[in-house]
Structures are given as C-alpha cells and as structure tokens.
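Chemist: Attaching a single structure in structure tokens format; questions to follow.
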Amino acid sequence: MNTTSKERAQGPGTGAEQRLKDLGIRLPEPPEPFGIYAMSVQSGSQLFLTGMLPTRGHTPQSVGRLGAELDADAARESARVAVLNALALVRKQLGSLDRVVRIVRLGVFVATVGDVREHPKVADGASVLLQDVFGKASNPSRVVVGVASLPLGVPVELDLIFEVTNSGGPDGPTEG
Amino acid sequence: MNTTSKERAQGPGTGAEQRLKDLGIRLPEPPEPFGIYAMSVQSGSQLFLTGMLPTRGHTPQSVGRLGAELDADAARESARVAVLNALALVRKQLGSLDRVVRIVRLGVFVATVGDVREHPKVADGASVLLQDVFGKASNPSRVVVGVASLPLGVPVELDLIFEVTNSGGPDGPTEG
Amino acid sequence: MNTTSKERAQGPGTGAEQRLKDLGIRLPEPPEPFGIYAMSVQSGSQLFLTGMLPTRGHTPQSVGRLGAELDADAARESARVAVLNALALVRKQLGSLDRVVRIVRLGVFVATVGDVREHPKVADGASVLLQDVFGKASNPSRVVVGVASLPLGVPVELDLIFEVTNSGGPDGPTEG
Numbered sequence: 085m086n087t088t089s090k091e092r093a094q095g096p097g098t099g100a101e102q103r104l105k106d107l108g109i110r111l112p113e114p115p116e117p118f119g120i121y122a123m124s125v126q127s128g129s130q131l132f133l134t135g136m137l138p139t140r141g142h143t144p145q146s147v148g149r150l151g152a153e154l155d156a157d158a159a160r161e162s163a164r165v166a167v168l169n170a171l172a173l174v175r176k177q178l179g180s181l182d183r184v185v186r187i188v189r190l191g192v193f194v195a196t197v198g199d200v201r202e203h204p205k206v207a208d209g210a211s212v213l214l215q216d217v218f219g220k221a222s223n224p225s226r227v228v229v230g231v232a233s234l235p236l237g238v239p240v241e242l243d244l245i246f247e248v249t250n251s252g253g254p255d256g257p258t259e260g
Numbered sequence: 085m086n087t088t089s090k091e092r093a094q095g096p097g098t099g100a101e102q103r104l105k106d107l108g109i110r111l112p113e114p115p116e117p118f119g120i121y122a123m124s125v126q127s128g129s130q131l132f133l134t135g136m137l138p139t140r141g142h143t144p145q146s147v148g149r150l151g152a153e154l155d156a157d158a159a160r161e162s163a164r165v166a167v168l169n170a171l172a173l174v175r176k177q178l179g180s181l182d183r184v185v186r187i188v189r190l191g192v193f194v195a196t197v198g199d200v201r202e203h204p205k206v207a208d209g210a211s212v213l214l215q216d217v218f219g220k221a222s223n224p225s226r227v228v229v230g231v232a233s234l235p236l237g238v239p240v241e242l243d244l245i246f247e248v249t250n251s252g253g254p255d256g257p258t259e260g
Numbered sequence: 085m086n087t088t089s090k091e092r093a094q095g096p097g098t099g100a101e102q103r104l105k106d107l108g109i110r111l112p113e114p115p116e117p118f119g120i121y122a123m124s125v126q127s128g129s130q131l132f133l134t135g136m137l138p139t140r141g142h143t144p145q146s147v148g149r150l151g152a153e154l155d156a157d158a159a160r161e162s163a164r165v166a167v168l169n170a171l172a173l174v175r176k177q178l179g180s181l182d183r184v185v186r187i188v189r190l191g192v193f194v195a196t197v198g199d200v201r202e203h204p205k206v207a208d209g210a211s212v213l214l215q216d217v218f219g220k221a222s223n224p225s226r227v228v229v230g231v232a233s234l235p236l237g238v239p240v241e242l243d244l245i246f247e248v249t250n251s252g253g254p255d256g257p258t259e260g
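Residue numbers (the working numbering), protein chains in the order written: chain A, 85 to 260; chain V, 85 to 260; chain P, 85 to 260.
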C-alpha cells in the first residue's frame, strides 16, 4: 500500500519513456499558461504542476458537469486527456519522464451537479494511465472531490505533485 | 501560531500512542484502497495520505450533505471518524504514531448544498481529535471548503500531510 | 514557464519588502485563527498557510458566490484582499517577506453557483498582486476550482505554499 524507492528497482528499458512507447502513446503539445502563473514549480525534489485540464491548446476537449451535461464515461475520458497534458508538461520541464521517481499526490476535482457518487470511476481514468506509464510502485496518494464548477467549463481538473530526481533521464539534465 | 520542533519538547510517556491510550481510543482497521492508488506516499519527511473518508471497511458510516440530508453535528462526527481512519493508516505505515513530528496540512472538504457557513464547526471535529492525540504544538495549517459532492456520498473528506521522522517510534523502524 | 532559483538573481533593493513599499501597499494586521489550527506550518523549506480569506479581523469583507450574489469583479477584489492577509501573515512568521524564495503553489477556491467559467479572472486578482510583490520568476503553480460554499460565506479562499530560506531577511532570523 505504501511504497518506497527500494521497491521500485527496475531494469533498463522499463522506464516511463519506454512504457509510453510500448503503449503506442504520442504526447500532445504541452499546455501553455492561461494566466499569471508558472505551469510547474520544483521545490526540493517535488514538482508541483498547475491544475491540468482536458484541453488541446486553449480549447477544452470536453465541457459539462457529471450529473448534468455529461456521464461518468465522458468525464473519465477527460481525466485521461488531462493526464496526457501532464505527461507532456513533465517531459518538457524535466527533459524525460524517466526523471520521475514517483507520483506523490493525485488530486482529482470532478465538476458535479446533485447527488453524484461516481467520482472514483472518473478518477480512475487518470489513475489507470498513470499506472500504465509509471508502474504500480509509483502510484500516488489520491484525493477525489466533486466540485461545483471548473475553469472553461471542463468536467475534470488534476492536481499533481511528482517526486523527481536530477539524474536518471536519458539525456542526463542536471539542476542545482 | 507558527510552531517549530523546538517547542515540542515532550517528556517520555507523552507521545501520541500514550495519549491515544489515555483517551481510551482503540483504532479501527486501517482503510484499504477503493481503486488504483496508494493509501499513502512518503516524499522526503512528508507523508501524504489518500483522502480519508468516514468509512468502516468499504462502507460509509454516514451519507449526506450539509444543508440538505445532514446537519453540522452529524458532519462533525464524520470528520472525527475519518481522523480515526487516518490514525490507523499512519500507525500501519509508520509502525507508530510517535514517528509523527507534526501535522503539516489538514484539508477538510465538506459536502454542502446552498448557502452553508458552518464548515469550521465540521472541521473542528477533525481538529479536536488531532490536537488531543498529537498536542497543540503539532496542529496543522488548515484549508476548509464546501464542495458539491464526495465519493460514496459521504459528508466529509480529509486531506492530510504529516511530517514524520525515521526514528522516534517505540519499535524503532528505520527506512532509507 | 518553469523557473529555478538561478533565474531569480536580483540585486539589492529589489526584494519583496522593497517592492511592497514601491507599490505603496501597507499590510493589514495578520489574521488570527478561527479554530483549532496553526496559521502556518513550516516543513523543511516549505511554508504552508492556513486557507486565506478576504477578512479583516474575524469579519468577512465580502460575502456571496459567483453566479449568484456576486460578480467576477467583486470576487477578484476578494482574492486580492486574501493575498494581503497572506502577506501580513508571512511577514509575521518569517520576519520579512524577503525570506520567500518562491511561491510553490497557489490554490484558489471560488464559491460558485451554476455554470460559471470566470474562475481564472477571479484567481488573477491574487496572481497579479503576488507577481507585483515577488516578481514573475517566483510565480506559483496554480490550481483553480469552483466550490459550492466557503467558510463565513466568503467568495474566495486561497491555499498557499511558499518556499522560504532561513537567511535573506533584513533582520536575519535563523531557525534550526
């Protein structure tokens, strides 16, 4: 249930970049800011991402709230799209997804109307893809809540904190 | 208002495990995952818990939203139940609650309908128990919001980050 | 987009305290707790603040929800008032705002009713002031969501994490 770095011993070729290739996933262009903030901030070994939305460019790929305009399957797919944006952003910031040691926190905000209870199903749209790419031992703690509304009218927003290392990427980027 | 480790000098026998015993509290079985995530992740000295719910096993002990199906007293009791789950989980992960140095963050999500303003009263159901167990000097920063809905229909979800030490538990567990 | 300490090289006299003076801003009295929690907790180099509200003393300066009782301009101003409280609190806790290395995370919870999409405009009320005081290179990652209700009926609550240094303040406070 709780995982430590020791449990993550992996041979060469089993890193996140390789898994992404094996899954046949091509990442989109990384998201750009809509406002006055950084897309990510690294504090010590923790990389905090700005809230990831199901967008392409500045256009939402899905609009609506669970329990009103959208069903759980559509919201779940939105969570997956938001993860693809997160992966593109992390690769851009770190040079390689292989610099991710683990995912510390996945927060999933689902826009809901009424007495909705399918939040975990929606959140799993993000969790399945993250596990496919980073492996089970890197799974995050997870906080899932139903909110009243989200920016741009999207159904899902992700709050992600990664633990990263300054070595380990194929191109060996180093920072202070 | 702000507390440092220096202010926490405590004699033997006044640790969290002893206080729990003095309070006559027996912890429940620690919660198990409902999905694809870890119940907790340690990053440096910070232990992030998955969102804690007022559940026993996979069954919610309370269902409803403040301002609709539930009143503030019932939601407050739910916050307390969620803390008991958190304590059980932390003890399981760390071996002993005495390895908690302080609580860094307590986030309280309260499911609400309409113009509700009793969130702090609900959140205090968590805060009182945490203070009773860990002492005033370990009190967390707190973020309390009213959300539209929560997983399983529960009225309260807790977001907890603890600062932990690798020594200090009675059975002296050590990691990395 | 991502910023590192290296990009923040600043000459003397360009720190946050000086900028605040240049902007002609006088900070209010720092907020006091409404309940059983700490106003801030430092964990390593991260300073977590309790959720900052648009209050003076224990009195809300604005009440209402976006999409119902308030419009985006009013909510935006509330976000600015909450930042002033945050600045007053950080100065009190650290001795000087110049000990802030960067802002790691800005979470903005906006109370909303219905299909609201102006959250970023509201959040910018906080972001503009933070950038004015700490500079662009210190801009945080940002997570903005629309919630159902907030404590005291306020329209905005801020979740702030700062990275701080033990040196750098004019009065040179040092801790452990």
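For every residue, glycine included, the Cβ atom is placed at its ideal position computed from N, Cα and C. Fair warning: this is a prediction, and the values are worked out from it, not measured in the lab.
(1) Quick one: Cα of ARG103 of chain A to Cα of VAL248 of chain A, how far?
(2) Using the beta-carbon count (16 or more within 10 Å), is THR98 of chain A buried or exposed?
(3) For the ligand HEM, is there any heavy atom lying closer than 8 angstroms to the beta carbon of VAL240 of chain V?
(4) Would you report the Cα separation of VAL205 of chain P and VAL228 of chain P, rounded to the nearest angstrom?
(5) Given that GLY128 of chain A touches chain P, what residues does it touch there, using C-beta distances under 7 angstroms?
(6) What residue range is occupied by the uninterrupted beta strand (DSSP E) comprising SER211 of chain V?
(7) Would GLN130 of chain V and VAL188 of chain V be called neighbours here (beta carbons separated by less than 9 angstroms)?
(8) From A:ILE109, A:PRO112, A:ALA159, A:GLN177, pick the residue whose C-alpha is nearest to that of THR134 of chain A; which is it?
(9) Using only the alpha-carbon positions, how far apart do VAL167 of chain A and PHE246 of chain V sit?
(10) Does ARG266 of chain P pass the burial test, meaning 16 or more other C-beta atoms within 10 Å, or should it be called exposed?
(11) Run through chain A and tell me which residues come within less than 9 angstroms of PRO224 of chain P, C-beta to C-beta.
(12) Can you confirm whether GLY256 of chain P, when its beta carbon is compared against all beta carbons of chain V, has any partner nearer than 9 angstroms?
(13) Following the continuous beta strand (DSSP E) through GLN145 of chain A, name the residue where it begins and the one where it ends.
(14) With a threshold of 6 angstroms on Cβ separation, who are the neighbours of GLY237 of chain P within its own chain once the five nearest residues in sequence on each side are excluded?
(15) Please classify SER222 of chain P: does DSSP put it in a helix, a strand, or coil?
(16) Is SER251 of chain A buried or exposed, if buried means 16 or more other CB atoms sit within 10 Å of its CB?
(17) Just mark ARG110 of chain A as buried or exposed, buried being the case when its beta carbon has 16 or more other beta carbons within 10 Å.
(18) Starting from ALA195 of chain A, follow the beta strand (DSSP E) in both directions and report where the run begins and ends.
(19) Whole angstroms is fine: what's the gap from LEU190 of chain A's alpha carbon to ALA159 of chain A's?
(20) Using only CA atoms, which one of A:PRO138, A:GLU202, A:ALA172 lies nearest to GLU161 of chain A?
(21) Sort V:PRO112, V:PHE118, V:LEU150 by Cα distance to ARG140 of chain V and report the nearest one.
(22) Is it buried or exposed for ASP208 of chain P, if we count other Cβ within 10 angstroms and need 16 for buried?
(23) Report the rounded CA-to-CA distance for ALA221 of chain P versus ARG186 of chain P, giving the unit in angstroms.
(24) So which residues on chain A does PRO235 of chain V lean against when the C-beta distance must stay under 9 angstroms?
(25) Is ASP243 of chain V buried or exposed, if buried means 16 or more other CB atoms sit within 10 Å of its CB?
(26) Say whether chain P places a C-beta atom closer than 9 angstroms to the C-beta of GLY198 of chain V.
(27) At a Cβ threshold of 9 angstroms, is ASP243 of chain A touching chain P?
(28) Check whether the Cβ of GLY151 of chain V lies closer than 9 angstroms to any Cβ atom in chain A.
(29) Can you list, in chain order, the residues of its chain whose CB lies under 7 angstroms from that of TYR121 of chain A, leaving out five sequence neighbours each side?
(30) Taking Cβ positions only, does PHE118 of chain V come closer than 9 angstroms to chain A?
(31) Using a Cβ-Cβ cut-off of 6 angstroms (strictly less than) and excluding sequence neighbours within five positions of ARG92 of chain A, which residues of its own chain qualify?
(32) From which residue to which residue does the beta strand (DSSP E) around SER127 of chain V run?
(33) For chain P, find out if any of its Cβ atoms is closer than 9 angstroms to the Cβ of PHE193 of chain A; answer yes or no.
(34) Is the beta carbon of ALA210 of chain P closer than 9 angstroms to that of ARG149 of chain P?
(35) Applying the criterion that 16 or more other CB atoms from any shown protein chain within 10 Å of the CB defines a buried residue, is GLU116 of chain V buried or exposed?
Modeler: Put simply:
(1) As a position in the first sequence, residue 103 of chain A is number 19, starting the count at 1. As a position in the first sequence, residue 248 of chain A is number 164, starting the count at 1. Whole-angstrom Cα-Cα distance: 18 angstroms.
(2) For the purposes of this step, residue 98 of chain A is taken as the residue at position 14 of the first sequence. Exposed: under 16 other Cβ atoms inside 10 Å.
(3) The ligand HEM is absent from the structure shown, which contains no ligand whatsoever.
(4) If you number the third sequence from 1, residue 205 of chain P lands on position 121. If you number the third sequence from 1, residue 228 of chain P lands on position 144. A small correction: the amino acid at residue 205 of chain P is Lys; Val does not occupy that position in the sequence shown. The alpha-carbon of LYS205 of chain P is positioned some 10 angstroms away from that of VAL228 of chain P.
(5) Counted from its first residue, the first sequence places residue 128 of chain A at position 44. The answer, in chain order, is GLY128, SER129.
(6) Here residue 211 of chain V corresponds to residue number 127 of the second sequence, with the count starting at 1. Counting along the chain, no beta strand (DSSP E) covers SER211 of chain V; the unbroken alpha helix (DSSP H) around it starts and ends at 203 to 218.
(7) In the second sequence, the residue the question calls residue 130 of chain V occupies position 46. In the second sequence, the residue the question calls residue 188 of chain V occupies position 104. In this structure, VAL188 of chain V lies closer than 9 angstroms to GLN130 of chain V by Cβ.
(8) In the first sequence, the residue the question calls residue 134 of chain A occupies position 50. Relative to the Cα of THR134 of chain A, the nearest Cα in the group A:ILE109, A:PRO112, A:ALA159, A:GLN177 belongs to A:GLN177.
(9) Position 83 of the first sequence, counted from the start, is the residue given in the question as residue 167 of chain A. Position 162 of the second sequence, counted from the start, is the residue given in the question as residue 246 of chain V. C-alpha separation (whole angstroms): 27 angstroms.
(10) Absent from the structure is residue 266 of chain P, since the part of chain P shown begins at 85 and ends at 260.
(11) Residue numbering aside, residue 224 of chain P sits at position 140 when the third sequence is read from its first letter. Under a criterion of Cβ atoms nearer than 9 angstroms, the residues of chain A adjacent to PRO224 of chain P are, in order, TYR121, ALA122, VAL125, PHE132, THR134.
(12) Counting from 1 along the third sequence, the entry for residue 256 of chain P is found at position 172. Summary for GLY256 of chain P: the model assigns pLDDT 37, below 50, so the residue's position carries little reliability, and this model does not support an answer.
(13) Residue 145 of chain A sits at position 61 when you count from the first residue of the first sequence. First-last for GLN145 of chain A: undefined, no H or E at that position.
(14) Locating residue 237 of chain P in the third sequence gives position 153, where the first residue counts as 1. Closer than 6 angstroms at the Cβ level, and outside the excluded window around GLY237 of chain P, lie VAL147.
(15) The residue you call residue 222 of chain P lines up with position 138 of the third sequence. Note: SER222 of chain P maps to helix in three-state DSSP.
(16) Taking the first residue of the first sequence as position 1, residue 251 of chain A is located at position 167. Classification of SER251 of chain A: exposed, given that the 10 Å Cβ count is below 16.
(17) Sequence index remark: in the first sequence, residue 110 of chain A carries index 26 (1-based). Exposed, because fewer than 16 other Cβ atoms sit within 10 Å of the Cβ of ARG110 of chain A.
(18) The sequence position of residue 195 of chain A within the first sequence is 111, counting from 1. Element bounds for ALA195 of chain A: 184 to 195.
(19) Here residue 190 of chain A is taken as the residue at index 106 of the first sequence, counted from 1. Here residue 159 of chain A is taken as the residue at index 75 of the first sequence, counted from 1. When the Cα atoms are used, LEU190 of chain A and ALA159 of chain A turn out to be separated by approximately 16 angstroms.
(20) The residue labelled residue 161 of chain A in the question sits at position 77 within the first sequence. Of the listed residues, the one whose Cα sits closest to GLU161 of chain A is A:PRO138.
(21) Position 56 of the second sequence holds residue 140 of chain V. If we check each option's Cα against that of ARG140 of chain V, V:PRO112 comes out closest.
(22) Locating residue 208 of chain P in the third sequence gives position 124, where the first residue counts as 1. The residue is buried, with at least 16 neighbouring Cβ atoms inside 10 Å.
(23) Position 137 of the third sequence, counting from 1, holds the residue named residue 221 of chain P. Position 102 of the third sequence, counting from 1, holds the residue named residue 186 of chain P. Each residue's Cα considered, the two are about 8 angstroms apart.
(24) As a working mapping, residue 235 of chain V is identified with position 151 in the second sequence. The answer, in chain order, is ARG201, GLU202, HIS203, PRO204, ALA207, VAL228, VAL229, GLY230.
(25) The residue you call residue 243 of chain V lines up with position 159 of the second sequence. In this structure ASP243 of chain V is buried. Its beta-carbon is surrounded by 16 or more other beta-carbon atoms within 10 angstroms.
(26) Stepping through the second sequence from its first residue, residue 198 of chain V is reached at position 114. So, interface residue.
(27) Here the question's residue 243 of chain A lines up with position 159 in the first sequence. It does; some Cβ of chain P falls within 9 angstroms.
(28) Translated into the one-based positions of the second sequence, residue 151 of chain V becomes position 67. Chain A contact via Cβ: absent.
(29) By 1-based counting over the first sequence, the position of residue 121 of chain A is 37. Closer than 7 angstroms at the Cβ level, and outside the excluded window around TYR121 of chain A, lie THR134.
(30) What you label residue 118 of chain V is simply residue 34 of the second sequence in a count that begins at 1. Yes, because at least one Cβ of chain A sits closer than 9 angstroms to the Cβ of PHE118 of chain V.
(31) Taking the first sequence and counting its residues from 1, the one referred to as residue 92 of chain A is at position 8. For ARG92 of chain A, the predicted model reports a pLDDT of 43, less than 50, meaning its position is unreliable and no value from the coordinates is stated.
(32) Mapped onto the second sequence, residue 127 of chain V falls at position 43. SER127 of chain V -> beta strand (DSSP E) spans 124 to 127.
(33) Translated into the one-based positions of the first sequence, residue 193 of chain A becomes position 109. It does; some Cβ of chain P falls within 9 angstroms.
(34) As a first step, residue 149 of chain P must be located in the third sequence, where it is residue number 65. As a first step, residue 210 of chain P must be located in the third sequence, where it is residue number 126. Using a Cβ distance threshold of 9 angstroms, ARG149 of chain P and ALA210 of chain P do not count as a contacting pair.
(35) As a first step, residue 116 of chain V must be located in the second sequence, where it is residue number 32. GLU116 of chain V should be labelled exposed.
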